[in-house]
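Undergrad: Using numbering that gives the first Met the number 0, the first residue of the sequence shown is number 0, and each one after it goes up by one. No residue lacks a Cβ here, since even glycine has one placed at the ideal position from N, Cα and C. Attaching a single structure in structure tokens format; questions to follow.
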Amino acid sequence: MPSVVTTSAPPPTLMRSLAHLGPGIVLASSIVGSGELIGTTTVGAEAGFALLWLIVLGCVIKVAAQVEIGRNTLAWGRTPLDAFDRVPGPRLAGRGWLWWGWAAMTVLILVQQAGILAGVAQTLAGGLPLTAAGRAWNTVHDEAAALRVAAATAERRGDAAEVERARERLGELVAAEAGLAKPADEAVWIVVTGLGTAALLVVGRYAAIEAISVILVGTFTLVTVVALAMLQFDPAWAVSLRDVAGGLVPAVPPSTGGRSPLATGLATFGIIGVGASELMVYPYWCLEKGYGRAVGPRDASTAWAERAKGWLRVMQLDAWASMVVYTTVTVCFYLLGAATLGRLGLRPEGSEMVRTLGAMYAPVFGDRALGIFLVGAFAALYSTFFVAAAGCARMVADGLILTGAIAGDDASRARWARRLAAAWAIVAVLLAVTVRAPVAMVLASGAAQAIMLAGLAVAVLWFRYGEMEPRLKPSRGWDVLLWVSTAGFIVVGLWTAWQHLADAVASR
0 MPSVVTTSAP PPTLMRSLAH LGPGIVLASS IVGSGELIGT TTVGAEAGFA LLWLIVLGCV
60 IKVAAQVEIG RNTLAWGRTP LDAFDRVPGP RLAGRGWLWW GWAAMTVLIL VQQAGILAGV
120 AQTLAGGLPL TAAGRAWNTV HDEAAALRVA AATAERRGDA AEVERARERL GELVAAEAGL
180 AKPADEAVWI VVTGLGTAAL LVVGRYAAIE AISVILVGTF TLVTVVALAM LQFDPAWAVS
240 LRDVAGGLVP AVPPSTGGRS PLATGLATFG IIGVGASELM VYPYWCLEKG YGRAVGPRDA
300 STAWAERAKG WLRVMQLDAW ASMVVYTTVT VCFYLLGAAT LGRLGLRPEG SEMVRTLGAM
360 YAPVFGDRAL GIFLVGAFAA LYSTFFVAAA GCARMVADGL ILTGAIAGDD ASRARWARRL
420 AAAWAIVAVL LAVTVRAPVA MVLASGAAQA IMLAGLAVAV LWFRYGEMEP RLKPSRGWDV
480 LLWVSTAGFI VVGLWTAWQH LADAVASR
């Protein structure tokens, strides 16, 4: 909390409250990216519409926990990581079990961010090739991707002659591809984008991060919603009410090709909606927005309690508004993936991840699909990379302060947050260049975050029943929602841990 505190009364009306929203938009821009564009569409490609229920649950169920963590931060005037470190349980080297869980998860989040950066570079290399080899590579691969969609579309419509023509040409392109050298464009864009982001984060402040987030969220939301709406005009690809209704009924689709769609779905569960990392980072953005300064240090006065209740209402509005945004976009991505990639039999992976994802837009935009998709994909992926680097750097700085490695005054905290954000981007560059598996890198972090949700459930219940400021006690209805949320966290976390343990044993 800032050393100089200037409290302010909460906005008295809904319209005035809207002017104070912002942390949720920053959160949404870090959420709607890797989880939605890569993870969610991959689940749709593998499971069809069958796991829509899991995707919706993953978005909606986490808001209650998000607000409860924020309530604890505003009530007690301490940072979220400090609060998590106080949760009862085993301690090692002076730090609590949740601190160590956060540290392990953060390492895998950095791996995820490297995968996202590789995806950003793929979008740039696909739209802005830097070399002649890159242009030749794009020409062959773009046509091949378009032909795969054309062949599948013709097959769905029963046009055998068109299917044969597309497959013949595709065979020619596969032969031509074998003679092409892999261009260096993607690696160059990884370096340029990563170092450019590091420079932005060194000078960035909350206001700049929020403004960039609004622009990027708006861009990919518009592109995605329009694409799904236009898909409905083509009977071959339209999503029916039966598809949606069937997907909302809990069911577990069978494994195909040795791959379990449920395993992919559970890994994605950790990063769609508000993931474990975002749950921990969100209160930091609330503090930087000024909610903590407005409430002021806790005291026994009625004035403090009224301010705290008023600003908590603003924070709740912010959290629910962001949930509507990211749930809408997440569902759109899932339905697009199920309706197109699932029916085409395509799965995003490797260096062809972006082109495969671009196939979702081909039934709507035809030859212009890839170009339009690249704009939306860049906005979605880069917003996640940019905001997550800024947010995770703030938590890492806080983690180092708790260990005594760096000073805890406001100036030192801000200085180290900027330095660590730049270092985060640079390390992501190194990982992205050396490990070219963006989907696997994203899902590995998703699995870690899904497991971490079980730990956060314990912390949230401790905040509610062990550290609740009596004057801010929520209603019984809210408690029911909180228990549903935490129960979901525990089930998903333990299930994911068990499945990964079983896979490790089976692989021996």
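Leaving out five residues on either side along the sequence, give the residues of the same chain with a beta carbon under 8 Å from the beta carbon of W477.
TA: Here residue 477 corresponds to residue number 478 of the sequence shown, with the count starting at 1. Cβ neighbours of W477 beyond the five flanking positions: A63.
Undergrad: Assign L73 to one of three DSSP states: helix, strand, or coil.
TA: In the sequence shown, counting from the first residue as 1, residue 73 sits at position 74. Here L73 sits in helix by DSSP.
Undergrad: Return the chain-ordered ranges of every alpha helix (DSSP H) run that is complete within the region 85 to 152 and spans a minimum of 4 residues.
TA: Taken in chain order, the complete alpha helix (DSSP H) segments of 4 residues or longer contained in the region 85 to 152 are 96 to 126.
Undergrad: CA-CA distance, R241 and F488?
TA: Here the question's residue 241 lines up with position 242 in the sequence shown. Here the question's residue 488 lines up with position 489 in the sequence shown. Straight-line measurement puts the Cα of F488 at about 29 Å from the Cα of R241.
Undergrad: Count the other CB atoms within 10 Å of the CB of E287; is the residue buried (16 or more) or exposed (fewer)?
TA: Within the sequence shown, numbered from 1, the residue matching residue 287 stands at position 288. With 16 or more other Cβ atoms within 10 Å, it is buried.
Undergrad: Check this for me: beta carbons of A143 and E161, under 9 Å apart or not?
TA: Indexing the sequence shown from 1 puts residue 143 at position 144. Indexing the sequence shown from 1 puts residue 161 at position 162. One thing to note: A143 has its Cβ no nearer than 9 Å to the Cβ of E161.
Undergrad: Mind checking F232: buried by the 16 CB within 10 Å criterion, or exposed?
TA: Indexing the sequence shown from 1 puts residue 232 at position 233. The residue is exposed, with fewer than 16 neighbouring Cβ atoms inside 10 Å.
Undergrad: Buried or exposed, going by whether 16 or more other CB atoms sit within 10 Å of the CB of A404?
TA: By 1-based counting over the sequence shown, the position of residue 404 is 405. So A404 ends up on the exposed side.
Undergrad: On a CA-only basis, which of P249, I108, V432 and D81 is nearest T383? Give me that one, please.
TA: Residue numbering aside, residue 383 sits at position 384 when the sequence shown is read from its first letter. Closest option to T383, Cα to Cα, is I108.
Undergrad: Select from A304, A180 and R342 the residue whose C-alpha is nearest the C-alpha of R147.
TA: Translated into positions along the sequence shown, residue 147 becomes position 148. Measuring from the Cα of R147, the nearest candidate turns out to be R342.
Undergrad: Take L169 and list the residues in its own chain whose beta-carbon comes closer than 8 Å to its own, dropping the five residues that flank it on each side.
TA: Counted from its first residue, the sequence shown places residue 169 at position 170. Contacts found: A143, L146, R147 and A150.
Undergrad: Roughly how many angstroms separate the alpha carbons of L334 and M229, rounded to a whole number?
TA: One-based indexing of the sequence shown puts residue 334 at position 335. One-based indexing of the sequence shown puts residue 229 at position 230. Each residue's alpha carbon lies about 13 Å from the other.
Undergrad: Cα separation between L356 and V251?
TA: Taking the sequence shown and counting its residues from 1, the one referred to as residue 356 is at position 357. Taking the sequence shown and counting its residues from 1, the one referred to as residue 251 is at position 252. Their backbone Cα atoms lie some 24 Å apart in a straight line.
Undergrad: Quick one: residues in its chain with C-beta nearer than 6 Å to the C-beta of M322, no 5 flanking neighbours on either side, listed in chain order?
TA: Walking along the sequence shown from the start, residue 322 turns up at place 323. Cβ within range, chain order: V62.
Undergrad: From A244 to A338, what does the alpha carbon distance come to, in whole angstroms?
TA: Numbered from its first residue, the sequence shown carries residue 244 at position 245. Numbered from its first residue, the sequence shown carries residue 338 at position 339. Spanning the two alpha carbons is a distance of roughly 14 Å.
Undergrad: Based on Cα-Cα distance, which residue from L73, V483, A183 and L247 lies nearest to Q315?
TA: Taking the sequence shown and counting its residues from 1, the one referred to as residue 315 is at position 316. Measuring from the Cα of Q315, the nearest candidate turns out to be L73.
Undergrad: What ranges does the beta strand (DSSP E) occupy inside the region 423 to 469, keeping only unbroken runs of at least 3 residues that lie completely in it?
TA: Counting whole runs of 3 or more residues, the region 423 to 469 contains no beta strand (DSSP E) stretch at all.
Undergrad: Return the chain-ordered list of same chain residues with a C-beta closer than 7 Å to the C-beta of G526, the five sequence neighbours on each side being excluded.
TA: No information on residue 526 is available, as it lies outside the stretch 0 to 507 that the chain covers here.
Undergrad: Would you mind working out which of T41, A197 and G88 sits nearest A392, comparing C-alpha positions?
TA: Residue numbering aside, residue 392 sits at position 393 when the sequence shown is read from its first letter. Considering only alpha carbons, the answer is A197.
Undergrad: A379 to S300, Cα distance in whole Å?
TA: Numbered from 1 along the sequence shown, position 380 holds the residue referred to as residue 379. Numbered from 1 along the sequence shown, position 301 holds the residue referred to as residue 300. Whole-angstrom Cα-Cα distance: 45 Å.
Undergrad: According to the Cβ coordinates, are P22 and D317 closer than 9 Å?
TA: Against the sequence shown, residue 22 aligns to sequence position 23. Against the sequence shown, residue 317 aligns to sequence position 318. Yes.
Undergrad: How big is the Cα-Cα spacing for L221 and G336?
TA: Position 222 of the sequence shown, counted from the first residue, corresponds to residue 221. Position 337 of the sequence shown, counted from the first residue, corresponds to residue 336. Straight-line Cα distance between these residues: approximately 17 Å.
Undergrad: In terms of alpha-carbon separation, which member of M279, A427, A320 and L172 lies closest to L17?
TA: The residue labelled residue 17 in the question sits at position 18 within the sequence shown. Considering only alpha carbons, the answer is A320.
Undergrad: So which of V42, T485, A135 and I68 has the shortest CA-CA distance to C331?
TA: Residue 331 sits at position 332 when you count from the first residue of the sequence shown. The candidate whose alpha carbon is nearest that of C331 is V42.
Undergrad: From L127 to M467, what does the alpha carbon distance come to, in whole angstroms?
TA: Position 128 of the sequence shown, counted from the first residue, corresponds to residue 127. Position 468 of the sequence shown, counted from the first residue, corresponds to residue 467. Distance between the alpha carbons of L127 and M467: 53 Å.
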